[in-house]
Structures are given as C-alpha cells and as structure tokens.
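**Student:**
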Amino acid sequence: MTSIRPDPIRIVIAEDQVMVLGAIAALLALEPDFAIIGRAADGDAALDLVRQLRPDILLTDIEMPGRTGLDLAQIVSKEMPGTAVVIVTTFARPGYLARARAAGVRGYLLKDAPVDDLAAAIRSVAGGGRAIPAHLAAAAWEVGDDPLTDRERDTLRLAEEGLSNKDIARRLGLSPGTVRNYLSDAAAKLGAANRIEAGRMARANGWL
619 MTSIRPDPIR IVIAEDQVMV LGAIAALLAL EPDFAIIGRA ADGDAALDLV RQLRPDILLT
679 DIEMPGRTGL DLAQIVSKEM PGTAVVIVTT FARPGYLARA RAAGVRGYLL KDAPVDDLAA
739 AIRSVAGGGR AIPAHLAAAA WEVGDDPLTD RERDTLRLAE EGLSNKDIAR RLGLSPGTVR
799 NYLSDAAAKL GAANRIEAGR MARANGWL
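Residue numbering for the sequence shown follows my numbering, starting at 619 and increasing by one per position.
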C-alpha cells in the first residue's frame, strides 16, 4: 500500500515526440495530486532538468536523442536517489526491461497502457513501490540477463549502421583490432555467426 502524500507528486517528463509529450503532460496534469514541473524532448535536457528541479518522478521514454532513458536512469539512481525513474515506452522486448531494472528503474509501462494505469504506477513508485506489469516481468525473467558489455553494445550499434571496423574504431577512440575483438566476443556470447546476426539477435531481445 502506498502512503498518502500531503504535497503533489512532482514530475518531469522526457519524450522526444512532441505530440506524445504534450498528450502525456496534459493527461497527467488532470490528476489532482500530480504537478508537471518540467518537460524535455531529449535525454540531455531531461538530465539538466532533473538536476535543477529534483522531481519526485522522472517519466521517460527509452529511445531519445542524446542520452537514452536507460542512461538517464543510471545517472539519476546514483546522483539523485530521491528521484524515481518510470519508463513509458513502445518497447515490450524483455531485454529492455532487464536493462531498465539493472539501471535502477522503478516503473516500466507500455505507451498503450490506460492513463489510469500510468497514474497508479506513478503513485506506487512515488510511495516507494514498484510498477512493472507481470507479463513483462515474466518475459524478462525467461530471456535472462543481458550478456553484452557496454563496449560490445556500442560496437554492435555502429556495425548495424554499416560502419567498418576502422570507422567504428575512429568513432569510439579504439584500435581496429580492439573493435574486431569486441564484435567477435559479442557474436560468440549470442551464438551468432557474424556481426550482422549478432546485431539482429541483440536487437530482438532488447539488448541494443
């Protein structure tokens, strides 16, 4: 059971689609115990707002320009433990939820969820609880932990864009040999035949 708060729950919303951002903010503003104190259209702006405003809740998408919602969650959970992160996304892939939990996310909902469910999740998280739909939690449990390191994930993302080892190395400040090793290790962990298949498998599981 969540406790009753004497003050409104202060919320910052981060969403790169302007219409979606406006719709979420407008709907949540109708709740008498919510106060929308900031909006951001990219991850970097969201982090600046959270550092400045110290909200109770950061409500964020995953994929955004600049820092992702998962990047934000990692930073916020370390720097500002008084701000809880709730993810609202289109991604139901279990790997995303597993990574979100590892990053300190306290709530995870899909964008097609009713607004009443979102409001209830925010209240639960603000009261110290968690809000993760049971079917998503079960799927994340079945797929297991993300086997990739951050560097392996970085190299796979750039390989997906069609960059050569040399170009990836230049982008990440590594040697081509090191990039080749990261891609080889990632493929081996995933049981993939090559970098293309490794990227496809990682993407399907929500590990990219």
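Each residue gets a CB set at the ideal place from its N, CA and C atoms; glycine is no exception. What you are looking at is a predicted structure, and each value in this text was computed from that prediction instead of being measured.
1) Would R813 be called buried (16 or more neighbouring beta carbons within 10 Å of its own) or exposed?
2) I need the DSSP call for L826, collapsed to helix, strand or coil.
3) Is the beta carbon of A716 sitting closer than 8 Å to the one on E770?
4) Which residue marks the beginning of the beta strand (DSSP E) containing I675, and which one marks its end?
5) With respect to the beta strand (DSSP E) encompassing I750, which residues constitute its N-terminal and C-terminal limits?
6) Can you round the beta-carbon distance between L690 and G661 to whole angstroms, since I take them to be within the 8 Å contact cut?
7) Measure the Cβ-Cβ separation of I629 and A653 and say whether it is below 8 Å.
8) Taking C-alpha atoms, which residue in R818, A710, R724, D634 lies nearest to R775?
9) List the endpoints of the continuous alpha helix (DSSP H) containing A647.
10) Which of helix, strand or coil does DSSP assign to L792?
11) Enumerate in chain order the residues of its own chain whose CB-to-CB distance from L671 is below 8 Å, with the five nearest sequence positions on each side excluded.
12) Measuring alpha carbon to alpha carbon, tell me which residue in I750, G745, G746 is nearest D735.
13) So, L667 versus A659, is the Cβ gap smaller than 8 Å?
14) Ends of the beta strand (DSSP E) at G656?
15) Counting C-beta neighbours from all protein chains within 10 Å, is the total for P673 16 or more, i.e. buried, or is it exposed?
16) Please report the distance separating the alpha-carbon of A643 from that of N799.
17) Do L688 and A663 have their beta-carbon atoms positioned less than 8 Å apart in this structure?
18) Quick one: give me the first and last residue of the beta strand (DSSP E) that G687 is part of.
19) DSSP state of L727, grouped into three classes?
**Tutor:** In short, the structure shows the following:
1) In the sequence shown, counting from the first residue as 1, residue 813 sits at position 195. Burial check for R813: the Cβ neighbour count within 10 Å reaches 16 or more, so the residue is buried.
2) For the purposes of this step, residue 826 is identified with residue 208 of the sequence shown, where counting begins at 1. Coil, per DSSP.
3) Counting from 1 along the sequence shown, the entry for residue 716 is found at position 98. Counting from 1 along the sequence shown, the entry for residue 770 is found at position 152. Contact: no.
4) Here residue 675 refers to the residue found at position 57 when the sequence shown is read from its first residue. Run containing I675: 675-678, per the beta strand (DSSP E) assignment.
5) Numbered from its first residue, the sequence shown carries residue 750 at position 132. I750 -> no beta strand (DSSP E), and no H or E assigned at all.
6) The residue labelled residue 690 in the question sits at position 72 within the sequence shown. The residue labelled residue 661 in the question sits at position 43 within the sequence shown. Contact flag correct, Cβ pair sits at about 6 Å.
7) By 1-based counting over the sequence shown, the position of residue 629 is 11. By 1-based counting over the sequence shown, the position of residue 653 is 35. In contact: I629 and A653 (Cβ atoms closer than 8 Å).
8) For this step, residue 775 is matched to residue 157 along the sequence shown. Residue R818 is the option with its Cα nearest to R775.
9) Working through the sequence shown from its first residue, we reach residue 647 at position 29. Unbroken alpha helix (DSSP H) run through A647: 636-647.
10) The residue you call residue 792 lines up with position 174 of the sequence shown. Three-state DSSP puts L792 in coil, outside helix and strand.
11) Start at 1 with the first residue of the sequence shown, and residue 671 comes out as number 53. Closer than 8 Å at Cβ, skipping near neighbours: R628, V630, I655, G656.
12) In the sequence shown, residue 735 corresponds to position 117, counting from 1. Per the Cα distances, I750.
13) Taking the first residue of the sequence shown as position 1, residue 667 is located at position 49. Taking the first residue of the sequence shown as position 1, residue 659 is located at position 41. For L667 and A659, no; Cβs fall outside 8 Å.
14) The residue given as residue 656 occupies position 38 in the sequence shown. It spans 652-658 - the beta strand (DSSP E) in which G656 sits, taken as one unbroken run.
15) Position 55 of the sequence shown, counted from the start, is the residue given in the question as residue 673. That one is buried.
16) Against the sequence shown, residue 643 aligns to sequence position 25. Against the sequence shown, residue 799 aligns to sequence position 181. If you take the alpha carbons of A643 and N799, they lie about 45 Å apart.
17) In the sequence shown, the residue the question calls residue 663 occupies position 45. In the sequence shown, the residue the question calls residue 688 occupies position 70. In terms of Cβ geometry, A663 and L688 do not form a close pair [threshold 8 Å].
18) On the sequence shown, residue 687 is found 69 positions in, with the first residue counted as 1. Premise fails: G687 lies in the alpha helix (DSSP H), 687-697, not in any beta strand (DSSP E).
19) Working through the sequence shown from its first residue, we reach residue 727 at position 109. The answer is strand: DSSP assigns L727 an E or B state.
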